[in-house]
Amino acid sequence: MNIWALADLHLSLSCPDKTMEVFGETWSKYMERIQENWHRSVQPEDLVLLPGDITWANTLEQATKDLLWIDQLPGKKIMIRGNHDYWWQSLGKVKKILPKSIFAIQNDALNLDNISIGGSRLWDSPDFNSSEIIDFKPNPKANPKTIVPTSEDNEKIFKRELHRLELSLKQMDQNARLKIVMTHYPPITYDLKTTLVHELLLDFKINICVFGHIHNIISTPPPLFGDKDGISYFLVAADYLKFEPLKIESL
Numbered sequence: 008m009n010i011w012a013l014a015d016l017h018l019s020l021s022c023p024d025k026t027m028e029v030f031g032e033t034w035s036k037y038m039e040r041i042q043e044n045w046h047r048s049v050q051p052e053d054l055v056l057l058p059g060d061i062t063w064a065n066t067l068e069q070a071t072k073d074l075l076w077i078d079q080l081p082g083k084k085i086m087i088r089g090n091h092d093y094w095w096q097s098l099g100k101v102k103k104i105l106p107k108s109i110f111a112i113q114n115d116a117l118n119l120d121n122i123s124i125g126g127s128r129l130w131d132s133p134d135f136n137s138s139e140i141i142d143f144k145p146n147p148k149a150n151p152k153t154i155v156p157t158s159e160d161n162e163k164i165f166k167r168e169l170h171r172l173e174l175s176l177k178q179m180d181q182n183a184r185l186k187i188v189m190t191h192y193p194p195i196t197y198d199l200k201t202t203l204v205h206e207l208l209l210d211f212k213i214n215i216c217v218f219g220h221i222h223n224i225i226s227t228p229p230p231l232f233g234d235k236d237g238i239s240y241f242l243v244a245a246d247y248l249k250f251e252p253l254k255i256e257s258l
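Mapping to the working numbering: the sequence shown position 223 is 230, numbers consecutive.
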């Protein structure tokens, strides 16, 4: 069995006007590319981790169309919420609409034989500033009236998300052979400086952490993420991986 990861699918079957193709050639036919690459790599017995920003849907009803699209792809899929998953309400409501091949994590963990998987969305924090490696591209369809959170707001949300991550970590199987955490926002700086999240993952002896959220990486970036203190950090944003799932482990 192989374990794969791919974040930021940003599916738009439910909301065609929100297609990521608005950001240019990089995102051209991205859903077709995800589907083709997924079928080429992933086998039915594999696990695929989806660390947030699954669909642009605004409601659970809308999300069903995109979730069924994921369901028809090979493998067992495990997802967490991203900052753009507006459709994601309480975990109970989400689970009621999930197709049989998809599992959701929120304040809990999924324990499968010798594999334990937890996670939380996280949020913006000064610790994780990635502006140096991003070629920022504004959304031409962005709502100019969108309210931007203040630094105080961001700090409150981050602390709440850190607590949710700890809740999830406590429910992971501490004796599992492989312990994986999914976050949507990066849990550590791109050059691997220590953060509160890294220290927390160390406390729970996590082996692997996968995450997304960062888009439009500059054309010649410095070395990004990697291994620190025994934890392997993988950026798996879809555009960064050219819309191909990344194999992070084989068992």
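By construction, the Cβ of each residue, glycine as well, lies at the ideal position given by its N, Cα and C atoms.
### Task
Would you check if the distance between the CB atom of G59 and the CB atom of R167 is smaller than 8 Å?
no
### Three-state secondary structure (DSSP) of S158
helix
### Task
Entirely within the region 128–209 and at least 4 residues each: give me those alpha helix (DSSP H) ranges in chain order.
158–177
#### Entry: Short Cβ contact (8 Å threshold) for I61 with L119
no
### Query
Smallest Cα separation from C22: which of P194, Q42, S123 and W63?
W63
### Query
When burial is assigned at 16 or more other CB atoms within 10 Å of the CB, is D73 buried or exposed?
buried
### Query
Where I112 and I87 are concerned, what is the direct C-alpha to C-alpha distance, given to the nearest angstrom?
5 Å
### Task
Work out the CA separation of W130 and I85 for me, nearest whole Å.
20 Å
### Integer-rounded CB distance, given that L57 should sit under 8 Å from A14
7 Å
### Message
According to DSSP, simplified to helix, strand and coil, what is D73?
### Response
helix
### Task
Might you give, ordered along the chain, the residues of its own chain that have their beta carbon closer than 6 Å to the beta carbon of N121, omitting 5 neighbours on each side?
A183 and R184
### Where G233 sits in the DSSP three-state scheme
strand
### Message
Can you list, in chain order, the residues of its chain with a C-beta nearer than 6 Å to that of I164? Leave out the 5 residues immediately preceding and following it.
### Response
W130
### F250 vs Y37 beta-carbon contact at 8 Å
yes
### Message
If distances are taken between C-alpha atoms only, which option among G237, M8, H220 and Q69 comes closest to S137?
### Response
H220
### Query
What three-state label does DSSP hand N214 in the structure shown?
coil
### Inter-residue spacing [alpha-carbon to alpha-carbon] between F211 and Q181
7 Å
### Task
Going by CA-CA distance only, name the one from H91, E68 and S123 that's closest to K102.
E68
### Task
Measure the alpha-carbon distance for T227 versus S257 and round it to whole angstroms.
29 Å
### Task
Can you say whether S158 is buried or exposed, counting buried as having 16 or more other CB atoms within 10 angstroms of its CB?
exposed
### Message
Between which residues of its own chain and I140 is the CB-CB distance below 8 Å, once the five residues before and five after are set aside?
### Response
Y197, I221, I224, I225, P228, P229 and L231
### Query
How would you call P133, buried or exposed, if buried means at least 16 neighbouring beta carbons within 10 angstroms?
exposed
### Task
Please classify N65: does DSSP put it in a helix, a strand, or coil?
coil
#### Entry: Best match in N44, T71, P252 and H191 for proximity to K107 [C-alpha to C-alpha]
T71
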